[in-house]
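Peer 1: Take this structure, written in structure tokens, and hold onto it; I'll ask about it next.
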Amino acid sequence: MVEPLLRIENLVRRFGGILATDNLSLEVAPGELHAIIGPNGAGKTTLISQLTGQVMPNSGTIHFAGRDVTRLPSYRRSRLGLARSFQITSLLPDFTACDNVALAAQAHDGHSFRFWGAARKEKPLRDAAQAALKRVGLEKRADVPVSELSHGEQRELELAVALATKPQLLLLDEPMAGLGVTESARMVALLKELRREVTIVLVEHDMEAVFALADRITVLVYGRVIASGLPDAIRHNDEVKRAYLGDQHAVTSHA
Ligand SMILES: Nc1ncnc2c1ncn2[C@@H]1O[C@H](COP(=O)(O)OP(=O)(O)OP(=O)(O)O)[C@@H](O)[C@H]1O
Numbered sequence: 021m022v023e024p025l026l027r028i029e030n031l032v033r034r035f036g037g038i039l040a041t042d043n044l045s046l047e048v049a050p051g052e053l054h055a056i057i058g059p060n061g062a063g064k065t066t067l068i069s070q071l072t073g074q075v076m077p078n079s080g081t082i083h084f085a086g087r088d089v090t091r092l093p094s095y096r097r098s099r100l101g102l103a104r105s106f107q108i109t110s111l112l113p114d115f116t117a118c119d120n121v122a123l124a125a126q127a128h129d130g131h132s133f134r135f136w137g138a139a140r141k142e143k144p145l146r147d148a149a150q151a152a153l154k155r156v157g158l159e160k161r162a163d164v165p166v167s168e169l170s171h172g173e174q175r176e177l178e179l180a181v182a183l184a185t186k187p188q189l190l191l192l193d194e195p196m197a198g199l200g201v202t203e204s205a206r207m208v209a210l211l212k213e214l215r216r217e218v219t220i221v222l223v224e225h226d227m228e229a230v231f232a233l234a235d236r237i238t239v240l241v242y243g244r245v246i247a248s249g250l251p252d253a254i255r256h257n258d259e260v261k262r263a264y265l266g267d268q269h270a271v272t273s274h275a
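Taking my numbering, the leading residue of the sequence shown gets 21, the next gets one more, and so forth.
Written out as structure tokens, the structure reads:
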């Protein structure tokens with residue numbers, strides 16, 4: 021078997037009396053799109069935050085690209101190729117789309133924001149930003165301030181910001197949140213393109229999107245993995261149906 025790009029072993033994280041991550045183990049192979057689903061409060065965001073280093077586990081290990089990154093600070097993980105796209109928008113509204121991406125690329129290269137004024141005009145940074153914008157279909161919106169972009173475009177821009185750091189692994193926390201039907205379809209199409217180039221861990225409530233995109237799906241309930249496997253097996257898993265998918269969810273495949 022290929023060495024996994026991400027290997028999580030026996031991860032535990034408590035918040036007071038709440039066990040947000042309960043002895044969780046999981047592997048993600050290179051090139052895979054691995055979806056993580058589960059009801060509200062199941063611990064999905066807490067897991068992603070432990071992968072990026074924003075939350076430290078109480079115990080357990082995280083290996084990324086063959087290295088133990090469990091105790092590494094976020095910026096070191098980012099340099100190794102781990103990027104997160106945020107559930108809550110982290111864009112600078114008064115800056116243009118291109119500036120936002122260039123800023124992310126510059127921060128990733130280890131420069132402080134103090135040099136931003138000069139960097140803004142720096143050609144290599146702007147070229148890298150334009151390339152990332154092109155990958156998400158926003159090249160014609162490069163000079164538009166974020167505040168004037170639609171919600172769907174802002175979500176695409178968040179992806180471009182993450183891509184500008186040239187990640188090996190992209191962690192996406194609810195990229196479909198708040199999107200309408202047309203915008204969601206665009207996002208699914210975009211992720212189908214991106215998944216050819218980068219390994220993705222996707223946290224998402226939109227089951228149509230999850231089943232259209234995922235190679236494998238892991239289901240969390242109360243911080244615990246209750247099932248992990250191919251989409252078809254998850255769809256038909258009785259415990260998953262009882263705990264999460266239920267009869268009210270019409271889980272259909274786009275494929
Ligand atoms: N900083 C924190 N302090 C205290 N409790 C927290 C903290 N972060 C998360 N929790 C708790 O940990 C549990 C898991 O929360 P988490 O946000 O990871 O779930 P989630 O699956 O991402 O939920 P959602 O689908 O609603 O985003 C919840 O019970 C939550 O209240």
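In this text, a Cβ means the ideal position worked out from N, Cα and C, and glycines have one as well.
(1) Would you mind stating whether T65 and P77 have Cβ atoms separated by less than 9 Å?
(2) Could you name the residues of the same chain whose beta carbon sits closer than 6 Å to that of L31, not counting the 5 residues immediately before and after it, in chain order?
(3) L67: buried (16+ other C-beta within 10 angstroms of its C-beta) or exposed?
(4) Within 10 angstroms of the Cβ of N60, are there 16 or more other Cβ atoms? Answer buried if so, exposed if not.
(5) On the CB-based measure, 16 or more other CB atoms within 10 Å of its CB, does G200 come out buried or exposed?
(6) If you follow the alpha helix (DSSP H) that V230 is part of, which residue opens it and which one closes it?
(7) Kindly confirm or deny that the segment 148 to 164 and the segment 105 to 124 touch, where touching means at least three C-beta pairs closer than 8 Å.
(8) Counting C-beta neighbours from all protein chains within 10 Å, is the total for A275 16 or more, i.e. buried, or is it exposed?
(9) Report the rounded CA-to-CA distance for V260 versus T202, giving the unit in angstroms.
(10) Y95: buried (16+ other C-beta within 10 angstroms of its C-beta) or exposed?
(11) Would DSSP call Q150 helix, strand or coil?
(12) Would you say the beta carbon of V223 comes nearer than 8 Å to a heavy atom of ligand 1?
(13) If you measure from each CB to the nearest heavy atom of ligand 3 and keep those under 5 Å, what residues do you get, in chain order?
(14) Would you tell me roughly how many angstroms separate the C-alpha atoms of Q268 and A229, rounded to the nearest one?
(15) Candidates I57, E29, I38, A49: which alpha carbon is nearest I246's?
(16) Hey, quick one: how far does the alpha helix (DSSP H) through H128 stretch, first residue to last?
(17) Using only alpha-carbon positions, find the residue among L92, M207, F115 that is nearest to G73.
(18) Looking at the strands, I want to know which residues DSSP matches up with I28.
(19) Classify I56 as helix, strand or coil using the three-state DSSP reduction.
Peer 2: So, to answer that:
(1) Translated into positions along the sequence shown, residue 65 becomes position 45. Translated into positions along the sequence shown, residue 77 becomes position 57. No; because the gap between Cβ atoms is not below 9 Å, this pair is not in contact.
(2) By one-based count along the sequence shown, residue 31 stands at place 11. Cβ neighbours of L31 beyond the five flanking positions: T41, L44, P77, G80.
(3) Here residue 67 refers to the residue found at position 47 when the sequence shown is read from its first residue. By the Cβ-count criterion, L67 is buried, with 16 or more other Cβ atoms from all chains shown falling within 10 Å of its own Cβ.
(4) Here residue 60 corresponds to residue number 40 of the sequence shown, with the count starting at 1. Exposed.
(5) Working through the sequence shown from its first residue, we reach residue 200 at position 180. With fewer than 16 other Cβ atoms within 10 Å, it is exposed.
(6) Here the question's residue 230 lines up with position 210 in the sequence shown. From DSSP, the alpha helix (DSSP H) with V230 extends over 227 to 233.
(7) Touching, per the Cβ criterion.
(8) Counting from 1 along the sequence shown, the entry for residue 275 is found at position 255. Summary for A275: the model assigns pLDDT 36, below 50, so the residue's position carries little reliability; its value from the coordinates is reported in the next sentence. That one is exposed.
(9) Here residue 260 is taken as the residue at index 240 of the sequence shown, counted from 1. Here residue 202 is taken as the residue at index 182 of the sequence shown, counted from 1. Approximately 29 Å, taken between the alpha carbons.
(10) Here the question's residue 95 lines up with position 75 in the sequence shown. With fewer than 16 other Cβ atoms within 10 Å, it is exposed.
(11) Walking along the sequence shown from the start, residue 150 turns up at place 130. Three-state result, Q150: helix.
(12) The residue labelled residue 223 in the question sits at position 203 within the sequence shown. Yes.
(13) Ligands in the displayed structure: ligand 1; ligand 3 is not one of them.
(14) For the purposes of this step, residue 268 is taken as the residue at position 248 of the sequence shown. For the purposes of this step, residue 229 is taken as the residue at position 209 of the sequence shown. With a pLDDT of 45 at Q268, under the threshold of 50, the modelled position of this residue cannot be trusted, and the question is left open.
(15) The count along the sequence shown starts at 1 and reaches residue 246 at position 226. Taking only the C-alpha atoms, the option nearest I246 is I57.
(16) If you number the sequence shown from 1, residue 128 lands on position 108. Where H128 is concerned, the enclosing alpha helix (DSSP H) stretches over 117 to 128.
(17) Stepping through the sequence shown from its first residue, residue 73 is reached at position 53. Cα-wise, what sits closest to G73 is L92.
(18) Here the question's residue 28 lines up with position 8 in the sequence shown. Beta-bridge pairing links I28 to L46, I82.
(19) For the purposes of this step, residue 56 is taken as the residue at position 36 of the sequence shown. I56 falls in the strand class under three-state DSSP.
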